[in-house]
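Counting in my numbering, the sequence shown runs from 1300 upward without gaps.
Written below as structure tokens is the structure these notes are about.
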Amino acid sequence: MIVALVKGFRMPDVFDKIANWLTDRALEGADLEETVEQLIDRLIKLGIPLSRFVIGRTILHPVIGAYDLTWTARSNRITVTTIPRDRIVEISTGAPTPFARLALGHDKHMRADLTNPKHVERFAVFARLAAEGATDYAAWGHLVREAVDYSDSEYPVGAALSICTNRVTGFSATEIANIEKLIKPLFIHVRMSTEMYLAQVLLETYLGRGAGKKVLDGQSARGMGETINCVLFFSDMRGSTRLSQELAQDDYLAAVNQYFDCVAGAVQDHGGEVLKFVGDGVLAIFPIDADLRPVEAMCTAALSSARDAYARAAKCQNGPSFGVALHVGEVVYGNVGTSDRLDYTATGLAVAVACRCEALTRTLETHIIGTSDFTKSCTQPATPLGTHTLRGLDDTVDLSGYGLT
């Protein structure tokens, strides 16, 4: 390598510096894709004859089982691929790829001469790489934690890195030794980057998109919050207590989840944010912004999501029965609770009004109810349902009903 002949230049020192740089990037929370892109550029400039570079890991996620970042010299760009969690379980119990064997902890290192037919026939991916001109394959794996139970199956959580070259002589022993200096800091970066992503996913899953982002951004102290104007959406599943007595536990949970899929799914698809599941009820908001999310548009979105929820339920076998109440008002949106058990949610009179109004959908025999604060800003036609007293509240409220179409 020409670069190695420069006076005073010692290749190992350069790789030590790259390893330190990778560690710094990990500690800084730098973007993994950006780091990998810069790393590949450095390696190529140092004369490492890369034709392919893949790094990824298995993860604990409700849907995604693994992901990887793949770079090829032919495309000169990085593509990110995700693998469903069910597929990882299947791979872990079947015939895994070389990359999966490394990430799942079956092997710590793998090397294949892709000009040797006996090596090539081991895995389908080796045959494909050889057909594309690759001559050498080297890969490393690191187990993050032991097997995790999932749906009567289990798979370990780990990371893997693989590199290929098209050079006739393959990688040299020195090149492999230098790459190995980068493995540990690179895997640390992968783990830290992934776990920040998982923290975001978990917070959004359990708190909602907006609340999750606020907590991750540091707005997590008890009492921190803001007053926001929004359209409130509250729904409650009907007959839940009866179903809990009539159905087996698994069947009952399936019925409740079917209801949540219909209602919460519709809310999210129409731009709302599900704040929490209250027993078998759904509390959601459509925040109002005079410029970007005007009240009329948010009322339309909330009503559309309610109608969409009923349309989804109608397509289900033994679909859920429920009511929906819509209201416009101010809520206190923030962190409440005790010093060691907090919840990020919306509270206030407007929340109470929405919840109390939903209970009237049964007695008024209507599916969707809107308060006068909602109907005056909603452009859709409604049927007046009169003035009503809400349990536990002093003021009466004028209500209107909306059709399902």
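For glycine and all other residues, C-beta sits at the position ideal for the given N, C-alpha and C.
Fair warning: this is a prediction, and the values are worked out from it, not measured in the lab.
Cut-off 7 angstroms between Cβ atoms - residues of its own chain near residue 1422, not counting five sequence neighbours on either side: If you number the sequence shown from 1, residue 1422 lands on position 123. Excluding sequence neighbours, residue 1422 sits near 1396 and 1397.
In its own chain, which residues sit with a C-beta less than 7 angstroms from the C-beta of residue 1621, not counting the 5 before and 5 after it? The residue given as residue 1621 occupies position 322 in the sequence shown. Cβ within range, chain order: 1534, 1535, 1536, 1537, 1558 and 1562.
With a 10 Å radius around its C-beta and 16 neighbouring C-beta atoms as the bar for buried, classify residue 1664 as buried or exposed. Position 365 of the sequence shown, counting from 1, holds the residue named residue 1664. So residue 1664 ends up on the exposed side.
Who pairs with residue 1527 in a beta bridge, going by DSSP? Mapped onto the sequence shown, residue 1527 falls at position 228. According to DSSP, residue 1527 bridges with 1630.
Under 8 angstroms between the Cβ atoms of residue 1345 and residue 1464? On the sequence shown, residue 1345 is found 46 positions in, with the first residue counted as 1. On the sequence shown, residue 1464 is found 165 positions in, with the first residue counted as 1. No. Outside cutoff.
Spatial distance of residue 1592 from residue 1653 (CA atoms): As a first step, residue 1592 must be located in the sequence shown, where it is residue number 293. As a first step, residue 1653 must be located in the sequence shown, where it is residue number 354. The straight-line gap from Cα to Cα measures roughly 20 angstroms.
Where does residue 1350 fall in DSSP's three states? In the sequence shown, residue 1350 corresponds to position 51, counting from 1. Three-state DSSP puts residue 1350 in coil, outside helix and strand.
Taking only three categories from DSSP, how would you classify residue 1396? For the purposes of this step, residue 1396 is taken as residue 97 along the sequence shown, with counting starting at 1. Three-state result, residue 1396: coil.
Among 1673, 1317, 1574 and 1692, the one whose alpha carbon lies nearest that of residue 1645: Counting from 1 along the sequence shown, the entry for residue 1645 is found at position 346. Among 1673, 1317, 1574 and 1692, the Cα nearest to that of residue 1645 is on 1574.
Terminal residues of the beta strand (DSSP E) in which residue 1540 lies: In the sequence shown, counting from the first residue as 1, residue 1540 sits at position 241. Where residue 1540 is concerned, there is no enclosing beta strand (DSSP E), although the alpha helix (DSSP H) it sits in stretches over 1539 to 1545.
Given this structure, state the Cα-to-Cα distance separating residue 1675 from residue 1528, to the nearest angstrom. Indexing the sequence shown from 1 puts residue 1675 at position 376. Indexing the sequence shown from 1 puts residue 1528 at position 229. If you take the alpha carbons of residue 1675 and residue 1528, they lie about 15 angstroms apart.
Between residue 1322 and residue 1418, what straight-line distance do the alpha-carbon atoms span, to the nearest angstrom? In the sequence shown, counting from the first residue as 1, residue 1322 sits at position 23. In the sequence shown, counting from the first residue as 1, residue 1418 sits at position 119. If you take the alpha carbons of residue 1322 and residue 1418, they lie about 34 angstroms apart.
Would you please state the rounded distance, in angstroms, between the beta carbons of residue 1698 and residue 1684? I believe it to be under 8 angstroms. Here residue 1698 corresponds to residue number 399 of the sequence shown, with the count starting at 1. Here residue 1684 corresponds to residue number 385 of the sequence shown, with the count starting at 1. Residue 1698 to residue 1684, Cβ: 4 angstroms. Contact.
Between the beta-carbon of residue 1484 and the beta-carbon of residue 1325, is there less than 8 angstroms? As a working note, residue 1484 is residue 185 in the sequence shown. As a working note, residue 1325 is residue 26 in the sequence shown. Contact flag set, yes.
Cβ atoms of residue 1673 and residue 1530: under 8 angstroms apart, would you say? Within the sequence shown, numbered from 1, the residue matching residue 1530 stands at position 231. Within the sequence shown, numbered from 1, the residue matching residue 1673 stands at position 374. Cβ atoms of residue 1530 and residue 1673: closer than 8 angstroms.
Select from 1477, 1318 and 1461 the residue whose C-alpha is nearest the C-alpha of residue 1411. Start at 1 with the first residue of the sequence shown, and residue 1411 comes out as number 112. Looking at the Cα atoms, 1461 is the closest of the given residues.
Any alpha helix (DSSP H) of 4 or more consecutive residues that is wholly inside the stretch 1655 to 1696: 1671 to 1674
Round the Cβ separation of residue 1489 and residue 1356 to the nearest angstrom and send it over; I've been treating them as touching at under 8 angstroms. If you number the sequence shown from 1, residue 1489 lands on position 190. If you number the sequence shown from 1, residue 1356 lands on position 57. Rounded, the Cβ-Cβ distance is 6 angstroms, consistent with contact.
Given that a residue counts as buried once 16 or more other Cβ atoms are within 10 Å of its Cβ, and exposed if not, what is residue 1572? On the sequence shown, position 273 is the one that residue 1572 refers to. Under this definition residue 1572 is a buried residue.
On the DSSP letters alone, give me the boundaries of the alpha helix (DSSP H) that residue 1564 sits inside. Reading the sequence shown from its first residue, position 265 is the one you call residue 1564. Element bounds for residue 1564: 1548 to 1568.
Can you give me the C-alpha to C-alpha distance between residue 1437 and residue 1409, rounded to a whole angstrom? Counting from one through the sequence shown, the residue named residue 1437 turns up at place 138. Counting from one through the sequence shown, the residue named residue 1409 turns up at place 110. Answer to the nearest angstrom: the Cα atoms are 6 angstroms apart.
Cut-off 7 angstroms between Cβ atoms - residues of its own chain near residue 1313, not counting five sequence neighbours on either side: As a position in the sequence shown, residue 1313 is number 14, starting the count at 1. Result list for residue 1313: 1345, in chain order.
Member of 1661, 1611 and 1425 whose CA lies at the smallest distance from the CA of residue 1351: Taking the first residue of the sequence shown as position 1, residue 1351 is located at position 52. When only C-alpha atoms are compared, the closest one is 1425.
Could you tell me how far apart the beta carbons of residue 1666 and residue 1609 are, in whole angstroms, since I believe they sit closer than 8 angstroms? For the purposes of this step, residue 1666 is taken as the residue at position 367 of the sequence shown. For the purposes of this step, residue 1609 is taken as the residue at position 310 of the sequence shown. Yes, they are in contact, since the Cβ atoms of residue 1666 and residue 1609 sit about 6 angstroms apart, within 8 angstroms.
According to DSSP, simplified to helix, strand and coil, what is residue 1367? For the purposes of this step, residue 1367 is taken as the residue at position 68 of the sequence shown. In this structure, residue 1367 counts as strand in the three-state DSSP scheme.
Using three-state DSSP, classify residue 1385 as helix, strand or coil. What you label residue 1385 is simply residue 86 of the sequence shown in a count that begins at 1. Residue state, collapsed to three classes: helix.
How many Å lie between residue 1476 and residue 1587 at the Cα? Within the sequence shown, the letter at position 177 stands for residue 1476. Within the sequence shown, the letter at position 288 stands for residue 1587. Roughly 58 angstroms separates the two Cα atoms.
In this structure, what does DSSP give as the bridge partners for residue 1625? For the purposes of this step, residue 1625 is taken as the residue at position 326 of the sequence shown. In the DSSP output, where bridge partners are listed per residue, residue 1625 has 1532 and 1669.
Considering only their Cβ atoms, is the gap separating residue 1681 from residue 1656 smaller than 8 angstroms? Reading the sequence shown from its first residue, position 357 is the one you call residue 1656. Reading the sequence shown from its first residue, position 382 is the one you call residue 1681. Their beta carbons are not under 8 angstroms apart, which means residue 1656 does not touch residue 1681 by this criterion.
Over what stretch of residues does the alpha helix (DSSP H) that includes residue 1411 continue unbroken? Within the sequence shown, the letter at position 112 stands for residue 1411. First-last for residue 1411: 1408 to 1412, but that is the beta strand (DSSP E), not the alpha helix (DSSP H).
According to DSSP, residue 1458 sits in a beta bridge with which residue or residues? The sequence position of residue 1458 within the sequence shown is 159, counting from 1. 1356 and 1441.
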